[in-house]
Structure formats: C-alpha cells, structure tokens
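**Q** Each protein sequence line maps, in turn, to chains A and B.
Remember, our numbering sits 11 above the position in the first sequence when you count from 1.
Remember, our numbering sits 65 above the position in the second sequence when you count from 1.
Mind having a look at this structure? Questions to follow.
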Amino acid sequence: MNDSPPSPLVQIREVTKKFGGVTAVDRVSLDILRGELFAILGSSGCGKTTLLRLLAGFEEPTSGRILIDGADMTDVPPYERPVNLMFQSYALFPHMTVAQNVAYGLKKEHVPADRIRERVAEMLALVKLEALAGRKPEKLSGGEKQRVALARALVKRPKLLLLDEPMAALDKKLRQHTQFELANLQYQLGTTFVVVTHDQSEAMTLASRIAVMAEGRIAQVGTPGQVYEFPANRYVASFVGNINLFDGRVTAAGNGQLSVKCETLGSDELSVISGGEIAPGSTVCIAVRPEKITISRQAPEARDRNVIKGTVWDLAYFGDQSLYRVRLKSGAELQVSAQNLRRSEKMTVEWDDEVFLSWEVASTVLLQS
Amino acid sequence: MSNEATGNGGQALRWLRRTVALPYLWLLLFFLAPFLIILKISFADPIVAQPPFTPLLEWGAQGLAGLKATFENYAYLFQDGYYGIIYLASLKMAAIGTILCLLLGYPMAYFIARQSPRRRQILLMAVILPFWISFLLRVYAWIGLLNNRGVINEFLLWLGVIDHPLTMLYNDFAVYLGIVYSYLPFMILPLYANLERHDHDLLDAAADLGARRWQRFVDVTLPLSVPGIIGGCLLVFIPTVGEFTIPALLGGADTLMIGRVLWDEFFINRDWPVASAVSVVLLLLLVVPILWFQYLQRREQDAGS
C-alpha cells in the first residue's frame with residue numbers, strides 16, 4: 012500500500028432513498044477511505060442494506076449523490092460500476108460450477124479465455140478452493156459457498172467490495188475463524204471493503220471504522236474504540252455492547268466536571284467530565300459500561316470515582332468472568348462484569364451481599380438527551 | 066438446496082412411502098391395467114365375434130392348454146408404409162405445436178411470474194379459466210369462429226379487408242391453432258411454477274458481475290428454467306401426438322394423425338388387434354425417449370458431484 016494520505020474512495024452526499032412513503036435512507040453523508048475495511052452497523056430495517064444497494068447500483072437515490080473514485084455514480088448501472096457485491100444469500104449460480112461462477116464476471120468483460128483461467132485459478136487459490144473448482148454449489152458447505160461468493164466478487168478486482176452480512180449464514184464457530192480470514196484477505200489485497208452487519212461484535216472485530224445506522228440515518232461514525240468508549244448518543248451507547256444508563260439533571264458545573272443528580276440513585280450524585288458548556292439544570296444521560304465498574308464489599312476510596320451502594324440480586328459465573336446484577340435502593344438495576352483474576356473457589360461477592368459499586372469519573376460517559 | 070437428513074428421517078420416509086403408495090395404486094389400476102389389456106389384444110388375431118379378437122391363453126379341460134400370440138399385427142404396421150408416415154406426421158405436428166406453445170407460453174409465464182402476488186393470481190386464474198368449459202365445446206367453438214361464414218370471416222368481410230372468405234378451417238392451420246389454444250395452459254403452468262421460484266438475487270448478482278438485461282436472461286433465467294421447459298413440453302407433446310379430437314374436428318381430410326387412425330381401426334375397421342398394436346407402438350414411441358432422457362439427466366446430475 013502507498014503512503015499518500017488516504018483520500019475518500021466513496022463519497023456519499025446527502026443521499027435519501029424513499030420507497031413509497033417510507034424513508035429507508037435519510038440524508039446520509041459518509042466518506043469511505045481507500046483501503047479501508049468499513050462496517051455499516053445497525054439493526055434490521057435501519058436502512059443499511061438499502062445503503063449498500065445504493066452503492067452497488069441496484070437502487071437509485073431519491074436525492075443526493077454517490078461518488079466512487081471521484082466519478083458520479085448516480086446514473087451508472089450496476090454492471091458498469093467498479094463495485095462488486097457479495098450477497099448475503101451468496102447468490103451462487105446453481106447451474107454453474109465453482110470455476111464457472113468465479114469466471115462469470117470476467118467473461119462478461121470479454122477477458123481472453125486463457126487469462127480467465129489464470130485469474131480464476133489465482134482467486135480459487137486465494138480462498139483455498141482449488142480442489143473444488145469443478146463442483147456445483149449445491150455440493151458445497153456453507154463456508155465453502157461463502158468463499159466462492161467472495162472469490163467471484165473479487166475476481167474483477169473491484170475498487171470497492173460490498174459485503175452484505177457476510178457471516179450471517181455461517182455457524183458461530185466458523186464465523187470467528189472466517190472473520191479473521193476476511194480481515195487478512197482485505198489487508199493482503201488492499202481493496203476497500205464495506206461490510207454491512209447487524210452483529211456489533213463482527214463490526215468491531217473486522218472494521219477499521221464503523222458507521223452505526225438507526226432509522227435511516229448515521230448515528231455515529233468512528234473507530235471501534237470511539238464507538239464503544241465514546242458513543243455519540245443513547246442509541247449507539249445501548250446498541251453497541253452493554254451499558255448502564257441513568258437519566259439525570261445537572262446540579263453543578265465547574266473544573267470541566269459536572270455533578271449530576273439521578274432519580275434512580277437517590278441522594279448520591281455522579282460526577283462526569285463534560286465535553287462542552289452544559290448549564291446546571293439541563294437534563295443529561297449518564298452511562299457506564301459494566302466492565303468499568305468495580306464491585307467490592309468494602310467502601311472504596313472515593314477520590315475521582317463515582318461510588319454507589321446496592322445489593323447483589325443475581326450472579327452469573329462464566330469462569331473467566333462473572334456477571335452481577337446489582338439492585339439499588341430505588342429498584343433500578345445495574346450490570347457489572349468482573350474478571351476473575353484470582354484463582355479461588357470462594358467468590359468474594361455472593362448473592363444478597365451489600366456491595367459498593369465504583370468507577371472512575373473518566374470512565375463515565377455523558378450523553379446529551 | 067439439499068435437504069439435510071434429520072433424526073427422524075426414517076419415519077419421514079415411511080410416511081412418504083405410504084403417501085406415495087396411494088397415487089401409485091391409482092396409476093396401477095387405471096393406467097397399467099388398461100395398458101396390459103391393450104397389450105394383450107395386440108398379440109391376438111381379429112375374428113368376427115364378441116369380443117372381436119382371439120384369446121391369448123387357451124384353456125382346456127385340464128387348465129391352461131396353450132399360449133397363442135401373434136406378432137402379425139406389428140409386422141403389418143411395419144410392412145405397410147402408411148403407418149410409419151402417419152407416426153412421423155403426428156410427431157411432426159406435435160413437435161411444431163409444442164414449439165409454438167413454448168414460444169407463446171414462455172413469455173406469458175415469465176410475465177406472470179414477475180407480477181405482484183395479487184396480479185399473479187388473477188392472471189393464473191385467467192390461464193386456468195378455460196378448463197371450466199368442456200374441451201369438446203371449446204374446440205367446437207373454434208369451428209364457429211374459423212368457418213367460411215364464421216365470425217372472423219364475416220367481420221373481415223364487413224371491414225372490407227378481404228373480398229372472399231379465408232379458408233381457416235379443415236386444414237393444418239386450424240389443427241395447430243387448436244393444439245396451441247388447448248394445450249397452452251399445460252405449457253404455461255409448469256413454466257410459471259419454475260420461473261416464480263427463481264431467486265432474484267441471482268439476477269442482481271449477474272448484473273453486479275457485468276451482465277446486461279438480455280445477458281442476465283440468457284445466462285441465468287433461461288438455463289434455470291430448463292426443467293420448466295422440459296416439463297411443459299412433455300405435458301404438451303405427449304397428449305398432442307395421440308390427439309384425436311382436434312384433428313378430427315378442425316383438420317382436413319389430409320390431416321393425418323395417429324389418433325384418427327386408431328379410431329378408424331377400432332371403430333370403422335373393427336380390427337382391435339391392429340388398433341392395439343398401433344397404440345402400443347405409439348406408447349413406446351413416447352415412453353422410450355422420455356426414459357432415455359431421464360436416464361441422461363440423472364447421469365449428468367451424478368457427474369456433477
């Protein structure tokens with residue numbers, strides 16, 4: 012890969028797509044960089060597949076424009092775009108062999124037959140399917156089908172490869188393995204990949220950047236770390252990973268910190284680092300991830316930490332970690348996860364224990380509601 | 066997609082066997098048994114009696130006395146060039162009729178399969194609707210339409226497009242028209258059933274890989290609809306070869322089809338053995354190529370694994 016600063020390969024500008032009265036994609040603007048493995052994450056019906064189909068050219072935007080490599084794609088049909096799509100169903104041609112499936116795109120480009128053979132062999136080697144070149148798709152396993160679909164979509168060396176839920180049809184064990192292989196392949200080829208998925212862990216493992224979509228709009232774009240640790244809003248915070256949320260009102264501001272009084276916490280106030288100017292009295296949402304919370308029976312030191320009290324209501328032991336559900340006096344529940352770092356038969360915290368929950372002020376997320 | 070073997074696969078299979086057994090029983094009773102009777106008669110001699118043929122098995126006082134079978138009827142069919150010509154003519158008419166049905170039926174089935182589910186039902190209904198009226202009546206209706214003083218001629222004469230009536234009845238044209246009209250639904254329905262199941266993703270995938278509309282049809286839709294084409298063609302071709310009503314009612318004196326010959330042998334010549342031989346040969350003519358074709362298909366399928 013070259014060292015020039017990454018320039019956007021795909022520019023999506025104010026794209027809206029309506030189906031009848033339903034707005035599937037709502038004024039989305041997004042840049043996807045060259046050589047990036049980009050994930051579009053969202054629950055079903057959030058418009059992510061429509062966005063993908065807009066990129067592939069199967070749908071035309073109601074308004075807005077899509078540029079790929081600087082060229083306006085709005086009126087370019089799918090068969091003329093430098094883009095290939097790997098379908099969620101794989102959509103392998105059932106009447107063609109593996110090799111014929113992979114060769115299809117090159118045949119439509121009128122590549123000479125001996126070149127086609129070379130390239131197909133190359134691609135099949137890349138996805139380790141040389142031995143199955145003569146098979147029909149019905150005789151392949153799910154993982155093999157997925158690799159054929161991948162080879163077929165990559166054989167034309169597209170500038171942009173779109174992957175629609177690439178792991179959805181695989182079983183869990185195969186999925187993890189395949190995720191790494193896919194990421195490796197992308198690194199090896201340097202092709203820009205856009206993966207659409209509803210699975211946040213898949214997006215986190217695969218992607219260098221993630222766009223979280225909700226109701227046709229982009230809720231946040233960022234690296235997996237940014238999206239997880241610095242969610243932009245309540246939706247992203249609760250969609251990506253587990254999180255504890257408290258609604259509250261700012262009581263005091265100063266020193267770059269806010270004090271927030273939350274109804275569910277009784278008299279205890281939480282401190283949070285404020286990004287900008289937020290006046291006392293405004294309503295905010297405070298969030299903290301379960302793994303950021305320390306659970307203990309002794310009162311912890313309160314310096315730069317938020318501390319609240321509760322009772323262990325439920326406990327799940329997973330070996331490497333334990334998950335606690337702690338009930339506060341107000342009846343609200345918090346999720347806490349703890350790594351079991353010490354080897355011990357007896358757990359330090361048990362059911363019905365009165366416990367202190369504490370976490371760093373810096374680990375507290377401020378969401379404006 | 067192949068079905069994966071399930072835990073209670075054996076049970077399912079047994080259930081399937083039991084369910085399939087009933088139609089087989091039906092076929093055995095109403096197709097195989099009559100066929101065996103015809104086969105038996107085809108080996109007999111014609112006599113003036115009731116029934117008008119000699120028995121195959123001779124019974125004496127001590128039970129079975131002998132078997133008297135003759136191949137003369139078959140020999141006669143092959144010696145007299147007349148039958149060979151008529152077989153060929155029937156096959157030709159059926160083949161042309163089938164191709165016409167395919168050319169007309171494929172676009173119709175394709176069009177229906179691409180409509181919204183609601184409109185599909187209406188259109189399919191329209192395809193099936195003619196079955197509500199007797200086949201014979203519908204063929205008769207064509208006589209009224211095609212006749213020299215029929216509706217079409219009268220209308221064209223009134224328009225002034227023609228000054229004397231077109232001969233549209235009692236010739237091959239009328240027979241082809243009758244065949245296409247009567248058997249078109251048998252072409253459309255299996256084709257529709259096939260086309261309707263096609264996965265639209267496949268067409269998108271082809272487009273994504275560089276195929277234009279026409280190429281998508283040739284590369285994806287057409288090869289995947291081959292089973293539907295074969296099914297439709299068999300459903301039209303097989304009954305058309307032996308078709309009697311259409312050539313008898315709409316055809317001219319020179320329209321020779323084996324169905325008419327059969328009728329003549331049975332009811333005019335009252336030569337049941339020769340008539341039976343004619344129908345047995347007809348059956349072999351149809352069944353042998355189909356079995357051979359199925360065998361080839363299965364072999365190709367096995368080769369793909």
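Heads up, the beta-carbon is just placed ideally off N, CA and C, and yes, glycines get one too.
Taking the alpha-carbon positions, what's the B:M66 to A:R92 distance?
**A** Within the second sequence, residue 66 of chain B is the residue found at index 1, counting from 1. Within the first sequence, residue 92 of chain A is the residue found at index 81, counting from 1. Its pLDDT being 40, under 50, B:M66 is placed unreliably by the model, and the measurement read from it follows with that caveat. Between B:M66 and A:R92, the C-alpha separation is close to 31 Å.
**Q** Alpha carbons only, please: which of B:L165, B:K157, B:L78 and B:G75 is nearest the one belonging to B:I253?
**A** As a position in the second sequence, residue 253 of chain B is number 188, starting the count at 1. The shortest Cα separation from B:I253 among B:L165, B:K157, B:L78 and B:G75 belongs to B:L165.
**Q** Which value, in whole angstroms, describes the spacing of the CA atoms of A:A50 and A:E356?
**A** For this step, residue 50 of chain A is matched to residue 39 along the first sequence. For this step, residue 356 of chain A is matched to residue 345 along the first sequence. Going from the Cα of A:A50 to the Cα of A:E356 covers about 42 Å.
**Q** Quick one, which residues of the region 226-250 of chain A are near chain B if we go by CB-CB under 8 Å, in chain order?
**A** none
**Q** Quick check on the burial criterion: 16 or more other C-beta atoms within 10 angstroms. Buried or exposed for A:G292?
**A** Counting from one through the first sequence, the residue named residue 292 of chain A turns up at place 281. Exposed, because fewer than 16 other Cβ atoms sit within 10 Å of the Cβ of A:G292.
**Q** Which chain B residues are close to A:H106, counting only those with a beta carbon under 7 Å from its beta carbon?
**A** Residue numbering aside, residue 106 of chain A sits at position 95 when the first sequence is read from its first letter. Simply P288 and L289.
**Q** Going along chain A, which residues have a C-beta under 9 Å from B:R277?
**A** Numbered from its first residue, the second sequence carries residue 277 of chain B at position 212. What B:R277 touches in chain A: P88, Y90 and K119.
**Q** Taking the alpha carbon of A:D3 as the reference point, which residue from A:T203, A:G265 and A:I229 has its own alpha carbon closest?
**A** A question about residue 3 of chain A goes unanswered here, because the residues of chain A that appear run from 12 up to 380.
**Q** Would you report the Cα separation of B:G316 and B:P304, rounded to the nearest angstrom?
**A** Position 251 of the second sequence, counted from the start, is the residue given in the question as residue 316 of chain B. Position 239 of the second sequence, counted from the start, is the residue given in the question as residue 304 of chain B. Their backbone Cα atoms lie some 17 Å apart in a straight line.
**Q** Give me the chain B residues within the contact set of A:Y115, using Cβ-Cβ distance strictly less than 7 Å, ordered along the chain.
**A** Position 104 of the first sequence holds residue 115 of chain A. What A:Y115 touches in chain B: L274.
**Q** Against A:F257, what residues of chain B qualify as contacts under a CB-to-CB distance less than 7 Å, listed in chain order?
**A** Start at 1 with the first residue of the first sequence, and residue 257 of chain A comes out as number 246. Neighbours of A:F257 on chain B: none; closest Cβ ~45 Å, over 7 Å.
**Q** Can you look up A:T154 in the DSSP assignment and give me helix, strand or coil?
**A** Within the first sequence, numbered from 1, the residue matching residue 154 of chain A stands at position 143. The amino acid at residue 154 of chain A is misidentified as Thr; the sequence shows Gly. Helix at A:G154.
**Q** Roughly how many whole angstroms lie between the Cα atoms of A:I23 and A:R228?
**A** For the purposes of this step, residue 23 of chain A is taken as residue 12 along the first sequence, with counting starting at 1. For the purposes of this step, residue 228 of chain A is taken as residue 217 along the first sequence, with counting starting at 1. Answer to the nearest angstrom: the Cα atoms are 12 Å apart.
**Q** Which residues of chain A have a Cβ atom closer than 7 Å to the Cβ of B:A340, listed in chain order?
**A** One-based indexing of the second sequence puts residue 340 of chain B at position 275. What B:A340 touches in chain A: nothing, since even the nearest Cβ is about 44 Å away.
**Q** Given A:V238, which residues of its chain have a CB within under 7 Å of its CB, disregarding the five upstream and five downstream residues?
**A** Stepping through the first sequence from its first residue, residue 238 of chain A is reached at position 227. I221, V223, Q231, V247 and V251, listed in sequence order.
**Q** Give every residue of the same chain whose Cβ lies closer than 7 Å to the Cβ of A:K28, excluding the five residues on either side of it in the sequence, and list them in chain order.
**A** Taking the first sequence and counting its residues from 1, one reaches residue 28 of chain A at position 17. Spatial neighbours of A:K28 in its own chain (CB-CB distance under 7 Å, excluding positions within 5 residues in sequence) are listed in chain order as A35, V36, T61, L65, E70, P72 and T73.
**Q** By DSSP, does A:M107 sit in helix, in strand, or in coil?
**A** If you number the first sequence from 1, residue 107 of chain A lands on position 96. Correct three-state label for A:M107: coil.
**Q** From B:V204 to B:D284, what does the alpha carbon distance come to, in whole angstroms?
**A** Translated into positions along the second sequence, residue 204 of chain B becomes position 139. Translated into positions along the second sequence, residue 284 of chain B becomes position 219. Cα to Cα, B:V204 sits roughly 39 Å from B:D284.
**Q** Given a threshold of 16 other Cβ atoms within 10 Å of its Cβ, counted over all protein chains shown, does A:A218 qualify as buried or as exposed?
**A** Here residue 218 of chain A is taken as the residue at index 207 of the first sequence, counted from 1. A:A218 is buried by the Cβ-count criterion.
**Q** Which residues in the same chain as A:V26 place their Cβ atom closer than 8 Å to its Cβ, once the five residues preceding and following it in sequence are excluded?
**A** Taking the first residue of the first sequence as 1, we reach residue 26 of chain A at position 15. Correct list, in chain order: V36, R38, V39, S40, L62, L65, P72, S74, G75, R76 and I77.
**Q** Going by the DSSP bridge assignment, what does A:S249 pair with across the sheet?
**A** Against the first sequence, residue 249 of chain A aligns to sequence position 238. Answer is none; A:S249 lacks a bridge partner.
**Q** Quick one: does A:V94 have its CB under 9 Å from some CB of chain B?
**A** Counting from one through the first sequence, the residue named residue 94 of chain A turns up at place 83. At a cut-off of 9 Å between beta-carbon atoms, A:V94 makes contact with chain B.
**Q** Taking only three categories from DSSP, how would you classify A:G287?
**A** As a first step, residue 287 of chain A is located in the first sequence; it is residue number 276 there, counting from the start. Residue state, collapsed to three classes: coil.
**Q** In angstroms, rounded to a whole number, what distance separates the CA positions of B:V352 and A:G145?
**A** Looking up residue 352 of chain B in the second sequence gives position 287. Looking up residue 145 of chain A in the first sequence gives position 134. Using only the alpha carbons, I get a separation of about 33 Å.
**Q** Of all the options A:M178, A:Y198, A:A313 and A:T85, which has the alpha carbon lying nearest to the alpha carbon of A:T189?
**A** The sequence position of residue 189 of chain A within the first sequence is 178, counting from 1. The residue with the shortest Cα to Cα distance from A:T189 is A:M178.
**Q** Spatial neighbours of B:T232 within its chain, please: CB distance less than 8 Å, with the 5 preceding and 5 following residues excluded, ordered by chain position.
**A** Numbered from its first residue, the second sequence carries residue 232 of chain B at position 167. Cβ neighbours of B:T232 beyond the five flanking positions: N213.
**Q** Under the DSSP definition of a beta bridge, which residues are partnered with A:K340?
**A** Position 329 of the first sequence, counting from 1, holds the residue named residue 340 of chain A. Its beta-bridge partners do not exist; DSSP assigns none.
**Q** Find the residues of chain A that neighbour B:Q280, judging by a C-beta separation of less than 9 Å, and give them in chain order.
**A** Residue 280 of chain B sits at position 215 when you count from the first residue of the second sequence. The answer, in chain order, is Y90 and K119.
**Q** Let me check one thing: in DSSP terms, what residues is B:F118 bridge-paired to?
**A** Locating residue 118 of chain B in the second sequence gives position 53, where the first residue counts as 1. Looking at the DSSP assignment, B:F118 forms a beta bridge with B:P111.
**Q** Excluding the 5 residues preceding and the 5 following A:I254 in the sequence, name in chain order all residues of the same chain whose CB lies nearer than 6 Å to its CB.
**A** The count along the first sequence starts at 1 and reaches residue 254 of chain A at position 243. Excluding positions up to five away in sequence, the list reads A248, A298 and R300.
**Q** What residue range does the beta strand (DSSP E) around A:A264 cover?
**A** In the first sequence, counting from the first residue as 1, residue 264 of chain A sits at position 253. A:A264 -> beta strand (DSSP E) spans N255 to G265.
**Q** Are the beta-carbon atoms belonging to A:K170 and A:L345 less than 9 Å from one another?
**A** Numbered from 1 along the first sequence, position 159 holds the residue referred to as residue 170 of chain A. Numbered from 1 along the first sequence, position 334 holds the residue referred to as residue 345 of chain A. Not closer than 9 Å, so no.
**Q** Please classify B:R79: is it buried, with 16 or more other beta-carbons within 10 angstroms of its beta-carbon, or exposed?
**A** The residue given as residue 79 of chain B occupies position 14 in the second sequence. Exposed: under 16 other Cβ atoms inside 10 Å.
**Q** Around the C-beta of A:G153, are 16 or more other C-beta atoms found within 10 angstroms, so that it is buried, or is it exposed?
**A** Locating residue 153 of chain A in the first sequence gives position 142, where the first residue counts as 1. Exposed is the call here.
**Q** Can you pull the chain E neighbours of A:A35, defined as C-beta to C-beta under 9 Å?
**A** Looking for chain E here will not work: the only protein chains present are A and B.
**Q** Taking 9 Å as the threshold (beta carbon to beta carbon), is A:G68 in contact with chain B?
**A** Locating residue 68 of chain A in the first sequence gives position 57, where the first residue counts as 1. Yes, A:G68 counts as interfacial toward chain B.
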